[in-house]
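*Asks:* Numbering (our numbering), first residue to last: 4 to 282.
Below is one structure. I have some questions about it.
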Ligand SMILES: NC(=O)c1ccc[n+]([C@@H]2O[C@H](COP(=O)([O-])OP(=O)(O)OC[C@H]3O[C@@H](n4cnc5c(N)ncnc54)[C@H](OP(=O)(O)O)[C@@H]3O)[C@@H](O)[C@H]2O)c1
């Protein structure tokens, strides 16, 4: 099978490239990066995808900086909506299945319980809105798959655990919010789950995150405990105090039961995945 992965140098894209090689050595996985195809220039996207003759296109690339999307909404729209339109159209021309990675930030976080796949989205910020439009474009394609996930971290790219550890090297006190909750998800686990969904020929929307949930404060605390960090004070703060450009949902936990039923098991607990990552 020929698989094209956009955003192949990002956190999830790189995990997917290595998971394909590890789990399916006979597959040909081709990574596409910004240098080959800038999503902000949709015409650039067509050739790198078509030339790989894909059976599946896994579209990981996105403008993922949530606050930058708020301050640069036109760029966010160009990359996350028009870029996705171009990727979906190239996938269709190639006769390939389109797989799109989406986010818990399509929800407003006011539901008070994990969101099932059928819950009505209501994004609070530009990032969530543009990602939701990308979902609609993807779902218009035959046999397409949307995988919503949350709070990704991993070996490559921006990573919350790495950011916490960096702060601990230079600060005596770090502040983390207690009023946002979701499921930290290890890119390696998500990559394996996406490959499982491909094997099961899944289509439509699936929620896939590590089990359990945490606030950013609890996530940071777990990182510090697992690394045995003492002498740095972890202080609770609120989203209002942080004054980030983009609003974030308070509780964007995803109900992943549809995935668990298809795959035969849920993804492991986030703490177990984090412990493995930090080892
Ligand atoms: N990170 C999270 O917490 C999270 C949570 C839920 C869902 N998601 C979704 O999961 C997917 C993967 O996220 P991730 O954590 O792996 O993100 P990431 O590490 O930030 O990687 C994003 C990738 O997109 C590429 N990209 C950005 N702008 C581009 C452009 N104009 N043209 C071409 N490529 C561009 C980046 O390339 P450069 O390296 O050149 O910038 C990078 O390879 C995204 O679709 C994201 O929306 C992420």
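Each residue gets a CB set at the ideal place from its N, CA and C atoms; glycine is no exception.
Might you give, ordered along the chain, the residues of its own chain that have their beta carbon closer than 6 Å to the beta carbon of residue 33, omitting 5 neighbours on each side?
*Replies:* Position 30 of the chain shown, counted from the start, is the residue given in the question as residue 33. If we look at residue 33 and ignore the five residues flanking it on each side, its Cβ neighbours are 7, 55.
*Asks:* By a C-beta neighbour count over all protein chains shown, 10 Å radius and 16 as the cutoff for buried, is residue 86 buried or exposed?
*Replies:* Within the chain shown, numbered from 1, the residue matching residue 86 stands at position 83. Burial call: buried.
*Asks:* Would DSSP call residue 39 helix, strand or coil?
*Replies:* For the purposes of this step, residue 39 is taken as the residue at position 36 of the chain shown. Coil at residue 39, not helix or strand.
*Asks:* Assuming residue 18 is part of the alpha helix (DSSP H), what are its boundary residues?
*Replies:* What you label residue 18 is simply residue 15 of the chain shown in a count that begins at 1. Here the alpha helix (DSSP H) through residue 18 covers 14 to 26.
*Asks:* Does the beta-carbon distance from residue 151 to residue 208 come in below 8 Å?
*Replies:* Here the question's residue 151 lines up with position 148 in the chain shown. Here the question's residue 208 lines up with position 205 in the chain shown. For residue 151 and residue 208, yes; Cβs fall inside 8 Å.
*Asks:* Checking the sheet assignment: what are the DSSP bridge partners for residue 236?
*Replies:* Counting from 1 along the chain shown, the entry for residue 236 is found at position 233. DSSP, once it has assigned bridges, lists 176 as partnering residue 236.
*Asks:* Should the segment 211 to 222 be called in touch with the segment 149 to 169, which here means at least 3 C-beta pairs below 8 Å?
*Replies:* Short answer: they touch.
*Asks:* So is the beta-carbon of residue 238 under 7 Å away from any non-hydrogen atom of ligand 1?
*Replies:* Working through the chain shown from its first residue, we reach residue 238 at position 235. Answer for residue 238: no, Cβ out of range of ligand 1.
*Asks:* Using 7 Å as the cut-off, classify the Cβ of residue 12 as near or not near the heavy atoms of ligand 1, replying yes or no.
*Replies:* The sequence position of residue 12 within the chain shown is 9, counting from 1. True, at least one ligand heavy atom lies under 7 Å from that Cβ.
*Asks:* So, at 6 Å on beta carbons, what are the nonlocal neighbours of residue 58 in its own chain, with the 5 sequence-adjacent residues on each side left out?
*Replies:* One-based indexing of the chain shown puts residue 58 at position 55. Closer than 6 Å at the Cβ level, and outside the excluded window around residue 58, lie 4, 5, 99.
*Asks:* With 16 other CB atoms within 10 Å as the buried threshold, where does residue 139 fall?
*Replies:* Against the chain shown, residue 139 aligns to sequence position 136. With fewer than 16 other Cβ atoms within 10 Å, it is exposed.
*Asks:* Taking the runs of the beta strand (DSSP E) that are 3 residues or longer, which of them lie wholly in the segment 32 to 82?
*Replies:* Correct list: 59 to 62.
*Asks:* Can you say whether residue 97 is buried or exposed, counting buried as having 16 or more other CB atoms within 10 angstroms of its CB?
*Replies:* Counting from one through the chain shown, the residue named residue 97 turns up at place 94. Buried, because 16 or more other Cβ atoms sit within 10 Å of the Cβ of residue 97.
*Asks:* Under the assumption that residue 49 contacts residue 93 (Cβ atoms under 8 Å), give the Cβ distance between them as a whole number of angstroms.
*Replies:* Here the question's residue 49 lines up with position 46 in the chain shown. Here the question's residue 93 lines up with position 90 in the chain shown. Residue 49 to residue 93, Cβ: 5 Å. Contact.
*Asks:* Using a threshold of 7 Å, is the CB atom of residue 258 nearer than that to any non-hydrogen atom of ligand 1?
*Replies:* Taking the first residue of the chain shown as position 1, residue 258 is located at position 255. Not under cutoff, so the answer is no.
*Asks:* Under DSSP, the beta strand (DSSP E) around residue 100 begins and ends at which residues?
*Replies:* Indexing the chain shown from 1 puts residue 100 at position 97. Element bounds for residue 100: 100 to 106.
*Asks:* Counting only the same chain and skipping the five closest in sequence on each side, list residues whose C-beta sits under 7 Å from that of residue 132.
*Replies:* On the chain shown, position 129 is the one that residue 132 refers to. Answer for residue 132: 126, listed in chain order.
*Asks:* Quick check on this structure: which residue in 184, 185, 168 has the alpha carbon closest to the alpha carbon of residue 177?
*Replies:* Counted from its first residue, the chain shown places residue 177 at position 174. Closest by alpha carbon: 168.
*Asks:* Could you tell me the distance, in whole angstroms, from the CA atom of residue 13 to the CA atom of residue 105?
*Replies:* On the chain shown, residue 13 is found 10 positions in, with the first residue counted as 1. On the chain shown, residue 105 is found 102 positions in, with the first residue counted as 1. Each residue's alpha carbon lies about 15 Å from the other.
*Asks:* Sort out for me which residues DSSP pairs residue 7 with in a bridge.
*Replies:* Here residue 7 refers to the residue found at position 4 of the chain shown. BP columns for residue 7 point to 33, 60.
*Asks:* At a cut of 8 Å, does the segment 252 to 263 reach the segment 102 to 122 through at least three beta carbon pairs?
*Replies:* Touching, per the Cβ criterion.
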